[in-house]
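Numbering (the numbering used here), first residue to last: 36 to 277. Read through the structure below, which is laid out as structure tokens, and then see the notes.
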């Protein structure tokens with residue numbers, strides 16, 4: 036009986052030792068597995084960091100470490116094609132949104148090609164300009180060049196352009212070519228016709244036939260006879276008709 040009891044105790048001890056050994060093995064495997072997981076995570080994070088650094092070098096390498104110091108603009112210097120272009124486009128866009136009002140100042144600069152003189156004066160803004168934006172005003176000026184006023188024609192109108200535009204003030208430039216002569220008598224359709232000194236605008240249609248003039252006078256008016264003053268013109272016409 037005692038022997039059986041001792042054998043039973045021995046078996047229990049052996050089984051307990053077996054359980055302890057197996058438990059230790061399992062615990063060791065778990066610890067090793069956890070360590071492997073941590074090592075794997077660390078390796079993954081290191082790989083991600085390396086990839087990000089390579090990406091930064093690819094995207095920004097030329098803008099950081101590879102920048103030539105001589106290529107960096109100094110204070111006050113502006114790279115060509117950057118800020119000025121943006122500022123100009125912004126100014127043009129802002130101007131295109133502005134419209135003129137009855138309070139807008141209107142400056143007219145007149146340049147005389149003949150005399151080579153230039154004068155500026157303030158005038159009343161044309162009614163057709165009120166409420167218009169820059170593009171619309173440019174179109175109105177373009178149309179005016181095709182059919183200028185009689186006064187401008189008499190002054191020898193050549194062209195007109197928009198120099199500056201804002202809600203507060205606009206400036207236009209007219210180019211004229213005044214004549215050194217008051218008038219020019221020419222032969223047209225067998226009769227004498229009087230033009231202004233630039234031969235652009237008719238001043239007077241006469242009923243004086245060209246054939247009634249002396250031969251020398253006929254030759255003069257064929258090419259155009261220029262007159263200095265109004266008094267000289269009417270004295271000459273009177274002599275032609277007598």
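Backbone N, C-alpha and C fix where the C-beta goes; we use that ideal spot for every residue, glycine too. The model shown is predicted, which means the values in this text are computed figures rather than measured ones.
- Message: Could you pull the DSSP bridge partners for residue 197 from this structure?
- Response: For residue 197, which the question treats as bridged, DSSP gives the partners 207.
- Task: To the nearest angstrom, report how far apart residue 152 and residue 146 are at their CA atoms.
- Result: Their Cα atoms are separated by approximately 6 angstroms.
- Task: Starting from the Cα of residue 242, find the closest Cα among 268, 272, 230 and 264 and give me that residue.
- Result: The shortest Cα separation from residue 242 among 268, 272, 230 and 264 belongs to 272.
- Integer-rounded CB distance, given that residue 158 should sit under 8 angstroms from residue 141: About 5 angstroms; that satisfies the 8 angstroms criterion.
- Among residues of its own chain, excluding the 5 on either side of residue 132, which ones have a beta-carbon nearer than 8 angstroms to its beta-carbon? Correct list, in chain order: 168.
- Item | residue 166 versus residue 176: straight-line alpha-carbon distance, rounded | C-alpha separation (whole angstroms): 15 angstroms.
- Message: Under DSSP, the beta strand (DSSP E) around residue 154 begins and ends at which residues?
- Response: Looking at the DSSP string, the run of the beta strand (DSSP E) that includes residue 154 is 152-158.
- Item | Own chain, CB closer than 8 angstroms to residue 228, minus 5 neighbours either side, in chain order | 220, 221, 222, 237, 239, 240 and 241, listed in sequence order.
- Among 213, 202 and 258, nearest to residue 164 - alpha-carbon criterion: The candidate whose alpha carbon is nearest that of residue 164 is 202.
- Integer-rounded CB distance, given that residue 217 should sit under 8 angstroms from residue 268: Going by Cβ atoms, the distance from residue 268 to residue 217 rounds to 6 angstroms, so yes, they are a contact pair.
- Compute the Euclidean distance between the alpha carbons of residue 262 and residue 170, then round it to the nearest angstrom. Going from the Cα of residue 262 to the Cα of residue 170 covers about 43 angstroms.
- Name the DSSP beta bridge partners of residue 239, please? DSSP, once it has assigned bridges, lists 229 as partnering residue 239.
- In chain order, what residues of the same chain lie with their CB nearer than 8 angstroms to the CB of residue 160, ignoring the 5 residues before and after it? Here the set comprises 135, 137, 139, 140, 141 and 205.
- Item | DSSP-derived helix/strand/coil call for residue 212 | DSSP places residue 212 in coil when its eight states are reduced to three.
- Distance between beta carbons of residue 233 and residue 191, contact taken as under 8 angstroms: Right, the Cβ-Cβ distance comes to about 5 angstroms (below 8 angstroms), so this counts as a contact.
- Message: Using the three-state DSSP reduction, which class does residue 179 fall into: helix, strand or coil?
- Response: If DSSP states are grouped into helix, strand and coil, residue 179 belongs with the helices.
- Do residue 197 and residue 207 have their CB atoms nearer than 7 angstroms? In contact: residue 197 and residue 207 (Cβ atoms closer than 7 angstroms).
- Leaving out five residues before and five after residue 257 in sequence, what residues of the same chain have Cβ atoms less than 7 angstroms from its Cβ? Here the set comprises 222.
- Task: Grab the span of the alpha helix (DSSP H) containing residue 187 for me, first residue to last.
- Result: From DSSP, the alpha helix (DSSP H) with residue 187 extends over 185-189.
- Task: Go ahead and pull the three-state DSSP assignment for residue 165.
- Result: Residue 165 sits in coil when the DSSP states are folded into three classes, being neither helix nor strand.
- CA-to-CA distance, residue 249 to residue 235, given in whole angstroms: Here the alpha carbons of residue 249 and residue 235 stand approximately 27 angstroms from one another.
- Buried or exposed: where does residue 102 fall if 16 or more other Cβ atoms within 10 Å of its Cβ makes it buried? Model confidence at residue 102 stands at a pLDDT of 47, short of 50, so the residue's coordinates are unreliable; what they give is reported in the following sentence. By the neighbour-count rule (16 or more Cβ atoms within 10 Å), residue 102 is not buried but exposed.
- Item | Expected contact under 8 angstroms - CB spacing of residue 214 and residue 231 to nearest Å | Residue 214 to residue 231, Cβ: 7 angstroms. Contact.
- Item | Classification of residue 266 by the beta-carbon crowding that lies within 10 angstroms, buried from 16 upward | Counting C-beta atoms within 10 angstroms of its own C-beta, residue 266 has fewer than 16 neighbours from the protein chains shown and is therefore classed as exposed.
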